[in-house]
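Here's the structure, in structure tokens; my notes come after.
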Amino acid sequence: MSKRTVLNEVYKGLVQSMSIPAELHDKDGKKFASFDSVVPIHCCTPEEVTERAKSTHHYCDVFTEKLLAPLGELAYVRLDENTAEKIFINRSKRILMVSSDGCLAQWRCAATFESANHYIAGTPIVNKEGALVSVVTAKRGNHYAVSTFEGEGGYFETSLPWEIVHPMNGDLMYGDKTFQSRDELRSYIAELSPPEVSAELPVRPILLTGAIPRLSVITQNGRQIAHQYLHGVHASDVQYL
Numbered sequence: 721m722s723k724r725t726v727l728n729e730v731y732k733g734l735v736q737s738m739s740i741p742a743e744l745h746d747k748d749g750k751k752f753a754s755f756d757s758v759v760p761i762h763c764c765t766p767e768e769v770t771e772r773a774k775s776t777h778h779y780c781d782v783f784t785e786k787l788l789a790p791l792g793e794l795a796y797v798r799l800d801e802n803t804a805e806k807i808f809i810n811r812s813k814r815i816l817m818v819s820s821d822g823c824l825a826q827w828r829c830a831a832t833f834e835s836a837n838h839y840i841a842g843t844p845i846v847n848k849e850g851a852l853v854s855v856v857t858a859k860r861g862n863h864y865a866v867s868t869f870e871g872e873g874g875y876f877e878t879s880l881p882w883e884i885v886h887p888m889n890g891d892l893m894y895g896d897k898t899f900q901s902r903d904e905l906r907s908y909i910a911e912l913s914p915p916e917v918s919a920e921l922p923v924r925p926i927l928l929t930g931a932i933p934r935l936s937v938i939t940q941n942g943r944q945i946a947h948q949y950l951h952g953v954h955a956s957d958v959q960y961l
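Residue numbers 721 to 961, in the numbering used here, belong to the letters of the sequence shown in order.
Here you go:
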């Protein structure tokens, strides 16, 4: 029986013979794959996340105990045990990824590849030598993110998961709040108490989508302590597989 890591039966794109190992799994009726111990964070159970966060290298939405191979100009994505799609890396069309493992809230402006195949989470991405570059985790349309250490990225030390806010055009933002005027915003800030951060009061990471995505970090009482604009990256309509 073929161990496909795509949902479509008819393969598309630049298909060629190549053997890439993978294990297939099922979580709540949804298929995902792993390569040795490398697996998307969002596919793990809460117990697995707690355990694996202690030993992983910090790739966004990827658990791995070994460093991954550098990302080149082209790569190969597994279709089944004997077949792969040759793909080209696009560093101009980037997707903003986020992930949380109970210790760090990570983010990465990830390079992408375009494919008409419907890959499942955890599908291995390798270089021409067969070394693992990353695994499939998220996509936007037909563009799949490639999580590596390359490009803009970082993390906030917090046990809390990301909160995603979709502001309307023209809204003024402070943390996770929207305001219709600067006077309204100033009044809100004036009433906030000083920031308090501790193990019992961890910060909240916020992703603001839109034409120019933003990252915000706020305290439990709503005080914003960090705010960053990200240009040239897509944050809306990102699907975690």
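Cβ coordinates follow ideal geometry from the N, Cα and C atoms, glycine included.
The structure displayed is predicted, hence computed values, not measured ones.
Counting C-beta pairs with one atom in each stretch, the region 793 to 811 and the region 832 to 844 have three or more that are closer than 8 Å, which means they touch.
Cβ contact annotation for residue 912 (same chain, cutoff 7 Å, sequence separation greater than five): 941, 942 and 943, in chain order. Contact check for residue 958 against residue 867 fails: the beta carbons are separated by 8 Å or more.
Look at residue 891 here: in three-state DSSP terms it is coil, with no helix or strand label. Pairing residue 893 with residue 813, the inter-Cα distance amounts to about 26 Å. Under DSSP, residue 774 shares a beta bridge with no residue. For residue 792 and residue 847, the gap between their C-alpha atoms comes out near 7 Å. Two segments are said to touch when three or more pairs of C-beta atoms, one from each, lie closer than 8 Å; by this definition the region 818 to 835 touches the region 773 to 790. Residue 954 and residue 860 do touch by the CB rule: their CB atoms are close to 6 Å apart, below 8 Å. Put simply, the backbone Cα of residue 769 is about 26 Å away from that of residue 896. Rounded to whole angstroms, the separation of the alpha carbons of residue 761 and residue 767 is 12 Å. Along the length of the region 859 to 893, whole alpha helix (DSSP H) runs at least 4 residues long do not occur. Residue pairing from DSSP places residue 817 in a beta bridge opposite 828. Per DSSP, residue 913 is not a residue of any alpha helix (DSSP H), being assigned neither H nor E. Sequence-distant partners of residue 934 (beyond 5 residues in either direction) whose C-beta falls short of 6 Å from its own C-beta, in its chain, are 928 and 949. For residue 752, the enclosing beta strand (DSSP E) starts and ends at 750 to 754. The beta carbon of residue 881 lies closer than 6 Å to those of 820 in the same chain, with the five residues before and after it left out.
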